[in-house]
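In the numbering used here, the protein residues as written are 45 to 353.
Where is the CB? At the ideal position from N, CA and C, for every residue including glycine.
Data block below; observations after.
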Amino acid sequence: MLAIASIAEEIRDLKKQRRAILLAHHYQDSEIQEVADEVGDSLELARKAQSFDGDVIAFCGVWFMAETAKVLNPTRMVVVPDREASCSLVECCSADQLRAYRERYPDHVVVSYINTSVEVKALSDILCTSRNAVQVVNSIPPDKTVLFLPDLNLGNYVKRETGRENMRIWQGACIVHATFPGRRVARARAEHPEALVAAHPECPAEVLSMADFIGSTSAIIHWCVSHAGSEFIIVTESGVYHSLHRLAPEKTFHFIRNEQCNCSECPYMRRNTLEKLRDCLLTLAPRVELSPEIIEQAAVPLRRMLAVR
Ligand code: 13P
Ligand code: SF4
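Rendered as structure tokens:
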């Protein structure tokens with residue numbers, strides 16, 4: 045406990061010296077969320093990174109989020125605690141695959157989830173996050189065929205919500221959300237009949253069909269905190285418990301666990317630690333370095349997304 049407190053103190057000092065901001069996703073360890081200047085979902089953190097006017101952005105999330113921060117605010121230095129903090133969605137859609145698709149179907153509008161590499165972003169027409177995916181797809185003229193990538197569960201959810209027929213969906217998946225078993229959600233509902241279910245749209249359709257609310261990480265937190273109910277079944281990464289408990293300590297939250305790890309933690313997100321955060325502020329590495337060309341290309345679909353309300 046003492047060690048954590050002293051590393052947190054070092055981080056606060058380094059933050060001042062570096063004129064840094066610490067941005068943390070909801071799936072980070074509690075100790076990291078405690079020292080962060082901002083904790084949010086991927087859309088909120090992208091907006092925060094864009095408007096930062098200090099020197100260093102220390103991004104505690106996964107690599108694609110740090111790349112996004114660099115694209116949106118290229119004159120700032122962006123560092124991360126662990127370079128290996130990737131995402132299974134990024135890994136299931138390469139730029140070469142998308143290039144080949146675009147050559148074959150040049151008239152399709154490519155809507156990419158923000159959980160993609162910067163190279164895939166640069167080849168996309170518009171981006172989206174779990175928070176604005178429905179609005180983004182609705183912003184595309186109805187006569188155009190959409191390719192939604194890479195998350196099949198989010199894509200199918202958006203297709204159901206928008207009622208759009210001409211929508212193709214990549215077959216990628218999040219290793220955390222796609223493996224939440226429907227039977228565990230059903231069992232939790234039977235055990236806690238008063239509880240309401242909140243789920244992230246990366247979950248399978250069977251899970252989403254049992255949900256009272258579907259939304260991004262921040263949207264789930266906001267919904268549970270502001271709802272009159274006092275008991276909730278949560279189907280997303282367990283890092284959101286930190287904000288749920290802080291904002292609504294009187295409420296009860298039951299987390300669904302995956303069968304393989306019997307947990308609901310993202311192994312990529314959890315690579316980051318307080319020690320690695322301190323070290324990246326000290327050494328200013330690992331650092332996101334992108335060419336001006338890729339920044340320019342990826343900024344176009346990102347800005348289009350940010351313009352959609
Ligand atoms: P949010 O956009 O809800 O923050 O989700 C990001 C993510 O990686 C979900 O698994
Ligand atoms: Fe990627 Fe899933 Fe982890 Fe989110 S929870 S960062 S989508 S692997």
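Taking 8 Å as the cut-off, does the CB of R175 come closer than this to any heavy atom belonging to ligand 1?
Locating residue 175 in the sequence shown gives position 131, where the first residue counts as 1. The beta carbon of R175 sits closer than 8 Å to at least one heavy atom of ligand 1.
One question on the structure: do S260 and T160 come within less than 9 Å of each other, judged by their Cβ atoms?
Start at 1 with the first residue of the sequence shown, and residue 260 comes out as number 216. Start at 1 with the first residue of the sequence shown, and residue 160 comes out as number 116. Going by C-beta atoms, S260 is not nearer than 9 Å to T160.
Measure the alpha-carbon distance for F192 versus R148 and round it to whole angstroms.
As a first step, residue 192 must be located in the sequence shown, where it is residue number 148. As a first step, residue 148 must be located in the sequence shown, where it is residue number 104. Answer to the nearest angstrom: the Cα atoms are 16 Å apart.
Using only the alpha-carbon positions, how far apart do R322 and L58 sit?
As a position in the sequence shown, residue 322 is number 278, starting the count at 1. As a position in the sequence shown, residue 58 is number 14, starting the count at 1. R322 and L58: Cα-Cα distance of roughly 8 Å.
Rounding to the nearest angstrom, what Cα-Cα distance links D195 and D126 in this structure?
Position 151 of the sequence shown, counted from the first residue, corresponds to residue 195. Position 82 of the sequence shown, counted from the first residue, corresponds to residue 126. Rounded to whole angstroms, the separation of the alpha carbons of D126 and D195 is 24 Å.
So the candidates are E235, S262, R228; which of them puts its Cα closest to the Cα of P248?
Within the sequence shown, numbered from 1, the residue matching residue 248 stands at position 204. The candidate whose alpha carbon is nearest that of P248 is R228.
What would DSSP say about H271, mapped onto helix, strand or coil?
Reading the sequence shown from its first residue, position 227 is the one you call residue 271. Taken through DSSP and simplified to helix, strand or coil, H271 comes out as coil.
Express the C-alpha separation of H70 and A272 in angstroms, rounding to a whole number.
Here residue 272 refers to the residue found at position 228 when the sequence shown is read from its first residue. Here residue 70 refers to the residue found at position 26 when the sequence shown is read from its first residue. The straight-line gap from Cα to Cα measures roughly 23 Å.
Using a Cβ-Cβ cut-off of 8 Å (strictly less than) and excluding sequence neighbours within five positions of Q77, which residues of its own chain qualify?
By 1-based counting over the sequence shown, the position of residue 77 is 33. Cβ within range, chain order: A68, H70, V83, G283, H286, S287.
Is the segment 232 to 240 touching the segment 209 to 218 in the sense that three or more CB pairs, one from each, lie closer than 8 Å?
The segment 209 to 218 and the segment 232 to 240 do not touch, with fewer than 3 CB-CB distances between them shorter than 8 Å.
If you draw a straight line from the C-alpha of I300 to the C-alpha of R120, how long is it?
Within the sequence shown, numbered from 1, the residue matching residue 300 stands at position 256. Within the sequence shown, numbered from 1, the residue matching residue 120 stands at position 76. Take the alpha-carbon of I300 and the one of R120: they are about 38 Å apart.
Under 7 Å, CB to any heavy atom of ligand 2. Which residues pass, going along the chain?
Those residues are Y71, V106, C131, S132, L133, N159, C218, I219, V220, H221, E246, E281, C310, Y312, M313, given in chain order.
Backbone CA spacing between G105 and K188 [nearest angstrom]
One-based indexing of the sequence shown puts residue 105 at position 61. One-based indexing of the sequence shown puts residue 188 at position 144. Between the alpha carbons of G105 and K188 lies a gap of roughly 34 Å.
Go through its chain and collect everything with a Cβ distance to A113's Cβ below 6 Å, but skip five positions before and after it.
The residue given as residue 113 occupies position 69 in the sequence shown. Correct list, in chain order: A93, I101, F103, V122.
Taking Cβ to Cβ, would you say L167 is nearer than 9 Å to Q341?
As a first step, residue 167 is located in the sequence shown; it is residue number 123 there, counting from the start. As a first step, residue 341 is located in the sequence shown; it is residue number 297 there, counting from the start. A contact, by the Cβ cut-off of 9 Å.
Quick one, which of Q61, L133, N210 has its alpha-carbon nearest G98's?
Residue mapping note: residue 98 aligns to position 54 of the sequence shown, counting from 1. Looking at Q61, L133, N210, the one whose alpha-carbon comes closest to that of G98 is Q61.
Could you tell me whether any non-hydrogen atom of ligand 3 is closer than 8 Å to the CB of H298?
Ligand 3 is not among the ligands present in this structure, which contains only ligand 1 and ligand 2.
Heavy atom of ligand 1 less than 8 Å from the Cβ of L87, yes or no?
Your numbering for residue 87 matches position 43 in the sequence shown. Within the cutoff, so yes.
Work out the CA separation of L89 and I264 for me, nearest whole Å.
To locate residue 264, count along the sequence shown from 1; it is residue 220. To locate residue 89, count along the sequence shown from 1; it is residue 45. Pairing I264 with L89, the inter-Cα distance amounts to about 16 Å.
If we call anything under 9 Å between Cβ atoms a contact, is A222 one with A242?
To locate residue 222, count along the sequence shown from 1; it is residue 178. To locate residue 242, count along the sequence shown from 1; it is residue 198. Taking 9 Å as the Cβ cut-off, A222 and A242 do not qualify as a contacting pair.
Own chain residues within Cβ distance below 6 Å of I277, not counting five before or after
Here residue 277 is taken as the residue at index 233 of the sequence shown, counted from 1. For I277, same chain residues with a beta-carbon under 6 Å away, outside a window of 5 residues either side, are A232, A239, V241, H298 in chain order.
So does T1 have its beta carbon nearer than 8 Å to some heavy atom of ligand 1?
The structure shown does not extend to residue 1, since the chain is modelled only from 45 through 353, so no value can be given for it.
Going by the CB atoms, is the gap between V115 and K165 shorter than 9 Å?
Stepping through the sequence shown from its first residue, residue 165 is reached at position 121. Stepping through the sequence shown from its first residue, residue 115 is reached at position 71. The Cβ atoms of K165 and V115 lie closer than 9 Å to each other.
Rounded to a whole number of angstroms, what is the C-alpha to C-alpha distance between S130 and A351?
The residue given as residue 130 occupies position 86 in the sequence shown. The residue given as residue 351 occupies position 307 in the sequence shown. Using only the alpha carbons, I get a separation of about 27 Å.
Would you mind reading off the limits of the alpha helix (DSSP H) that contains A343?
Locating residue 343 in the sequence shown gives position 299, where the first residue counts as 1. Element bounds for A343: 336 to 351.
Can you give the Cα-Cα distance for I55 and I48, rounded to whole angstroms?
Residue 55 sits at position 11 when you count from the first residue of the sequence shown. Residue 48 sits at position 4 when you count from the first residue of the sequence shown. Near 10 Å, if we compare the C-alpha coordinates of I48 and I55.
Could you check which residue in P150, R146, S156 has the C-alpha nearest to that of C136?
Position 92 of the sequence shown, counting from 1, holds the residue named residue 136. Considering only alpha carbons, the answer is S156.
Could you compute how far the alpha carbon of R143 sits from the alpha carbon of R290?
By one-based count along the sequence shown, residue 143 stands at place 99. By one-based count along the sequence shown, residue 290 stands at place 246. One Cα belongs to R143, the other to R290, and the distance between them is close to 45 Å.
Among P118, E163, V154, nearest to S138 - alpha-carbon criterion:
Position 94 of the sequence shown, counted from the first residue, corresponds to residue 138. The residue with the shortest Cα to Cα distance from S138 is E163.
From the DSSP output, in three-state form, read off M254 for me.
Position 210 of the sequence shown, counted from the start, is the residue given in the question as residue 254. The answer is coil: DSSP assigns M254 none of H, G, I, E or B.
For E250, does the count of other Cβ atoms within 10 angstroms reach 16, so buried, or fall short, so exposed?
Reading the sequence shown from its first residue, position 206 is the one you call residue 250. By the neighbour-count rule (16 or more Cβ atoms within 10 Å), E250 is not buried but exposed.
Continuous alpha helix (DSSP H) assignments of at least 4 residues falling wholly in the segment 165 to 240
Within the segment 165 to 240, complete alpha helix (DSSP H) segments of at least 4 residues are found at 177 to 182, 196 to 206, 226 to 235, given in chain order.
Is the beta carbon of L318 sitting closer than 9 Å to the one on V79?
Numbered from 1 along the sequence shown, position 274 holds the residue referred to as residue 318. Numbered from 1 along the sequence shown, position 35 holds the residue referred to as residue 79. A contact, by the Cβ cut-off of 9 Å.
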